[in-house]
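Residue numbers (the numbering used here): 309 to 719. Even for Gly, the Cβ is constructed at its ideal location relative to N, Cα and C. Quantities reported herein were computed from a predicted structural model and do not represent experimental measurements.
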């Protein structure tokens, strides 16, 4: 009887393992797509107001009487999605003045045209009745594509495809998907570039990087880091000339597109958009973190903010992921075999530590740290065994459930 029970248990474990290992990257991508669709449907039913609610437009910058598409406008400043909405209606309205009922707060908004340009194309040239739903649709598709890319990356690192969901399921993407923000498009472009570099397709990787840099200017640091990683890797394999050719093939497309877009916007607003509010979003490394951490803890203890537990949870999860990654043997493996991923992660650490008080006052689930956490997963995948992966999941999984659930139900 004991032997029979052991045999049944063994067969069950084998079946479970086969079931887990069976999904292909396509299946994982579809799972990510469906999950994003469910999130959006629940959110729109919970909040009401149609797909325009995702824009989170505020009266400080959006005129409810003249805004194109008649999206809902709430009291206060609203959120960044309203600026992407304006560019999605017409990507060429980069001036700081009011256009289509919406005014920009800073010139940096004018340079972030990647995501709204995709929405403009999807909405057939900014058709007013299509822009709001297409802003949601583009991000939903980005989740599915990012899950597919993550699954391929997982396989390239010797892991099962299901691990790709941790890239697309980053806890900071709940607020991005729920508020029509651009980080999902940027993340999809960045991790697609990492995948393609790993497979030697430097030109296609450069095309993805070009989309990334015109979506979020922080991606420029990532492109520089990946370029350095390509140089190191190709130099080890051949010569400096081969390394230079590979690096140039990758770096020239994003460099040209970023420079052209920055100069074009500068011609209109009189300054480079990437530099227009840099003093508000970045400072010296870690300078503003002690004060912000004290504030988060104080709010949590005194119950002053419903999202204080979420902020602390996200921060702890990020620190935990970085700690696990940098102390794993995956660092040595990544440096030897895929240095561009390691350097991209270092760029992510740089962006995260440079966050200023203006960013940390309302960190929005640290949505800007997608690259840091994603590359930490890549390093852990490069390491031996699975213990650290499950240690990571033990912290990241509950934070993800909390963040996604909160952003699904709260505006």
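Cβ-Cβ distance between residue i and residue j below 8 Å
{"i": "residue 355", "j": "residue 719", "result": "yes"}
{"i": "residue 396", "j": "residue 424", "result": "yes"}
{"i": "residue 418", "j": "residue 630", "result": "no"}
{"i": "residue 675", "j": "residue 458", "result": "no"}
{"i": "residue 498", "j": "residue 625", "result": "no"}
{"i": "residue 690", "j": "residue 641", "result": "yes"}
{"i": "residue 444", "j": "residue 409", "result": "no"}
{"i": "residue 514", "j": "residue 476", "result": "no"}
{"i": "residue 416", "j": "residue 582", "result": "yes"}
{"i": "residue 414", "j": "residue 585", "result": "yes"}
{"i": "residue 522", "j": "residue 377", "result": "no"}
{"i": "residue 344", "j": "residue 434", "result": "no"}
{"i": "residue 648", "j": "residue 541", "result": "yes"}
{"i": "residue 589", "j": "residue 604", "result": "no"}
{"i": "residue 440", "j": "residue 538", "result": "no"}
{"i": "residue 349", "j": "residue 358", "result": "no"}
{"i": "residue 652", "j": "residue 504", "result": "no"}
Residue i - containing alpha helix (DSSP H), residue span
{"i": "residue 441", "result": "436–464"}
{"i": "residue 610", "result": "597–610"}
{"i": "residue 497", "result": "491–506"}
{"i": "residue 428", "result": "422–430"}
{"i": "residue 635", "result": "Counting along the chain, residue 635 falls outside any alpha helix (DSSP H), and DSSP gives it neither H nor E."}
{"i": "residue 560", "result": "548–577"}
{"i": "residue 540", "result": "527–545"}
{"i": "residue 512", "result": "510–521"}
{"i": "residue 593", "result": "No alpha helix (DSSP H) holds residue 593; DSSP gives it neither H nor E."}
{"i": "residue 379", "result": "Taken as a continuous stretch (DSSP letters only), residue 379 belongs to no alpha helix (DSSP H), as it is neither H nor E."}
{"i": "residue 392", "result": "389–397"}
{"i": "residue 742", "result": "The first residue shown for the chain is 309 and the last is 719, placing residue 742 beyond what the model contains."}
{"i": "residue 400", "result": "First-last for residue 400: undefined, no H or E at that position."}
{"i": "residue 475", "result": "473–476"}
{"i": "residue 412", "result": "No alpha helix (DSSP H) holds residue 412; DSSP gives it neither H nor E."}
Beta-carbon separation (whole angstroms), residue i vs residue j, contact threshold 8 Å
{"i": "residue 520", "j": "residue 527", "result": "4 Å"}
{"i": "residue 688", "j": "residue 632", "result": "6 Å"}
{"i": "residue 773", "j": "residue 372", "result": "This structure leaves residue 773 out entirely; the chain is present only between 309 and 719."}
{"i": "residue 496", "j": "residue 454", "result": "5 Å"}
{"i": "residue 472", "j": "residue 336", "result": "5 Å"}
{"i": "residue 671", "j": "residue 619", "result": "6 Å"}
{"i": "residue 450", "j": "residue 493", "result": "5 Å"}
{"i": "residue 591", "j": "residue 662", "result": "6 Å"}
{"i": "residue 565", "j": "residue 518", "result": "4 Å"}
{"i": "residue 512", "j": "residue 333", "result": "Not a contact, Cβ separation roughly 17 Å."}
{"i": "residue 656", "j": "residue 683", "result": "6 Å"}
{"i": "residue 628", "j": "residue 474", "result": "Not quite, the Cβ-Cβ distance comes to about 14 Å (not below 8 Å), so this is no contact."}
Pairs of beta-carbons, one from the region 479–497 and one from the region 350–364, closer than 8 Å: are there three or more? yes
Are at least three pairs of beta-carbons, each pair with one atom in the region 400–414 and one in the region 527–537, less than 8 Å apart? As far as the Cβ criterion goes, the region 400–414 does not touch the region 527–537, which means the pair count is below three.
Let me know the alpha helix (DSSP H) ranges lying completely inside the region 655–697, each 4 residues or longer, listed in chain order. 665–668 and 678–690
Are there three or more Cβ pairs, one per stretch, closer than 8 Å when the region 459–475 is compared with the region 655–669? Contact between the region 459–475 and the region 655–669 is absent, because fewer than three Cβ pairs lie under 8 Å.
Quick test of the definition: if touching needs 3 or more C-beta pairs under 8 Å, does the region 692–709 touch the region 501–516? no
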